[in-house]
Every structure is written in structure tokens, then in C-alpha cells.
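What follows is a short report on a single structure.
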């Protein structure tokens, strides 16, 4: 695997030699768009890879969109844990930034789509902290294609250079750049799936190119034509040109003079090509930890569960939960003060992903309310309904269940009422015998 990173620096030959001696890989340095470090990797299959290039593969596009859009549409809110109870902290300034509008140009859904996509492909998502004095008032996503770190001699990033949409280059202090790392090997920096999965992604991209050429050249259309009489070389060429010309333009050729068309079975070579593309989809899904059926690959049975509810739970636990935890902890660590962390915390609402059919939800809610685990208002909140207040916010239990030795024994409430009547000199309850 060869790494190419484009930036405008001196001494490229010496750096290239040192890097090759240390790692066995090579990279080249040249001017990129706006002199920004643009990652480009040469895979073993000979196909150069980049984030944008990988997204042209349907399996990568499906995996990245599935995870980023799912997380972006889950409600992310701030909660207040003071007083021993959990309640929504909608008054906290960070709540509206995370939940509704991170900045004047972007909605929260679009912002989190971009952040998660960068984490998936680049290993980290970065945003600029928009400040008024010491107060955080917004977050602005930073496109990794336009972002370059400036490091001190101790290899610590002291500032970032960023190229805006208009081509203006500006410097952002490191303390104003918020970073959410993805999967990490050193505990600090997220690893790039493009770099580590270059072999698999390169093979998939190469297979796509071969398939495109095959379809373009008609390699998968194994047809032959039977002509009663022998044709001259000129007639044969004219026939071939006419038929191919009509097929390429989407028209149906008209065959005259007893010409018959027959089809050959697909060749073993073409079967291997199709199997290779199918294998690439499964391999790509492994890199993103996505069940293949969720990106439209349904050739084989899934081992993620037998029902849609079990499969959604598996997707939440094994795919989304690590990303959710990373984001929640990064918010607490970097966007809250130490004093605020003692009281406030961010949390994703994932209940919507676990919704089954109406009958199953009704049975589940009934048990939770009867056991005194959920109130009726909490159930209404899970169903996105307004709370009723009053007794609907009180935990209740079914009182019909009791021990066998208590059957026929007067309840404590009735005994208390009888004792109070005796104390006040009132007659016994006329409703009792």
C-alpha cells in the first residue's frame, strides 16, 4: 500500500526516503487544492483510493449513509441529573446547539451527518467552536479535505489551517477545534478506514472497473446469430455494425432473411466476476460492521437475528452503540465545564429504533406500567405524546396479586377505617356485613 499526501513543503526527497526506510511504504508530496493535505492511497490492486472515490462504490455509500443518517436523526439532548432525578435540560445553551441548530447555516441533522461520515472514513470528525467570549454559541463542521494541522516541535497540533468555500485561508487555534476520534489504536487519534482497508476497497474498486468495461463492451451479452447462407466479409461487417449500433442505442434490431438469434449460458469468467463483486459487498460491510441486508445485499441469510426487531437491536448494540458512546463522551469532555459535568450530561434517545409493532408495544407498556416501572406519562413520552399530568405521572401497580395466606384477610386500609370509626364513636360501615 502506498500513501500519497499532497502538501506544499520542502525537502520532499529526504522525507520520502526516511518514510520508506521506516515503514516500507512510500508517499509523494505535491500541491493539492488550496495547499491542503489531501489523502490519497494507492491500493494493492493498483486503484488509487480517496474518501470521495470510495463513496462511488454502492456498498461504501450504503454503509456510510446508513450509520451517519441514522445517528443524525436520533434525538440528542442534554439532561439534568440534579436532585437524584433525570429531566430534560432544554434550558441549557448546549441543548439547542446539539439538538436543533449548531450554527446559522446548518441544521443538527446535516451537521451530525457530516461529522459521523468524517469519523467513518477519515478516523475523526472536527468542528470549529463558535465562541462569544468564553461562551460556546455554535459548532461549524470542518471539511477534512480543506483542513491542515500545524504542529510544534513536540508534534502537538498548535493550530489548524482551513480553506473556506470561497478559497480564503485562515488559521484556527487548536483549542477552538473540537475533535471526535473514531476507532483508535493509540488512545488519541482515530484510524482511517481508507488506509487500513485499502486492500479490500481497492479490490472492490478494481472489480467495479472491470465490470463496467465488461458491460460497456457487451461481454455479458453472449448472443450469436444463425444465418442460412454464407456471408461475404463485407456483409458480415455491415450486419455486425448495424446490430451493435441498434443495441447500444437501446433499440431492438429487426432480423430478416431467416436470421435466428440464440443465447449462450453465462461463462465461468463472468460468474467469477459477479461473485467477486458480491464478495466485495460483504467485505466492505465487515469493515463498517453493517449487516449486508441493510445495504440491499440479501443473497445469503443473516446471522444478526431472526426477526426485524432482533436485527435492529443487534444493529444498535454492535454498530451504533460504540459511535453513540464516543460522541456522548466527547461532548461531556470538551463542551462542558468540570462543574457542568457534575450535573448535566448528553444522551441519545434510541427508543425509536427499538419500536416493534403496535401489539408488541402495547403488551410491553402494559407490563411496565402494571409492575410500577413506568408511569403512564412516561409511556406517552415514548410514543411522542403530550403528558397528562396528575395520576398519569404516578407509579402504579396491580394490587390483585397477593400471597395465598392473605386471601380473605381484610386489607390494611379497611382495618384502618374501622379503627377510626371506633375511635370517633361512629357506627360501622353499613356496606359491610
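Residue numbers (the working numbering): 12 to 444.
C-beta atoms are modelled at their ideal positions from N, C-alpha and C, and glycine is treated no differently.
Item: Have a look at the DSSP bridge pairing and note the partners of residue 114.; Value: 117
Item: Looking only at DSSP bridge pairs, what is residue 182 linked to?; Value: 172
Item: Leaving out five residues before and five after residue 399 in sequence, what residues of the same chain have Cβ atoms less than 8 Å from its Cβ?; Value: 387, 388, 391
Item: Closer than 6 Å by C-beta to residue 125: which residues in its own chain qualify, once you throw out the five before and the five after it? Chain order, please.; Value: 152
Item: Which residues in the same chain have their Cβ closer than 6 Å to the Cβ of residue 170, if we skip the five residues on either side of it in sequence?; Value: 161, 182, 184, 185
Item: Over what stretch of residues does the alpha helix (DSSP H) that includes residue 349 continue unbroken?; Value: 349-352
Item: Is the beta carbon of residue 70 less than 8 Å from the beta carbon of residue 292?; Value: yes
Item: Using only the alpha-carbon positions, how far apart do residue 352 and residue 309 sit?; Value: 45 Å
Item: Skipping 5 residues on each side, what residues in its chain have a beta carbon closer than 6 Å to that of residue 203?; Value: 133, 134
Item: Measure the C-alpha to C-alpha separation of residue 163 and residue 376 and round it to an integer number of angstroms.; Value: 57 Å
Item: Between which two residues does the beta strand (DSSP E) containing residue 138 stretch?; Value: 135-143
Item: Assign residue 284 to one of three DSSP states: helix, strand, or coil.; Value: Because the pLDDT of residue 284 is 49, which lies under 50, any placement of that residue in the model is unreliable, and the question is left without a value.
Item: Using DSSP bridges, identify the partner residues of residue 379.; Value: Per DSSP, none; premise fails for residue 379.
Item: Using 10 angstroms around the beta-carbon of residue 357, count the other beta-carbons present and answer buried if the total reaches 16, otherwise exposed.; Value: buried
Item: Taking residue 130 as the reference, which of 385, 82, 324 has the closest Cα?; Value: 82
Item: Where does residue 446 fall in DSSP's three states?; Value: Here the chain covers residues 12 to 444 and nothing more, so residue 446 does not appear.
Item: So what does DSSP say about residue 303, is it helix, strand or coil?; Value: helix
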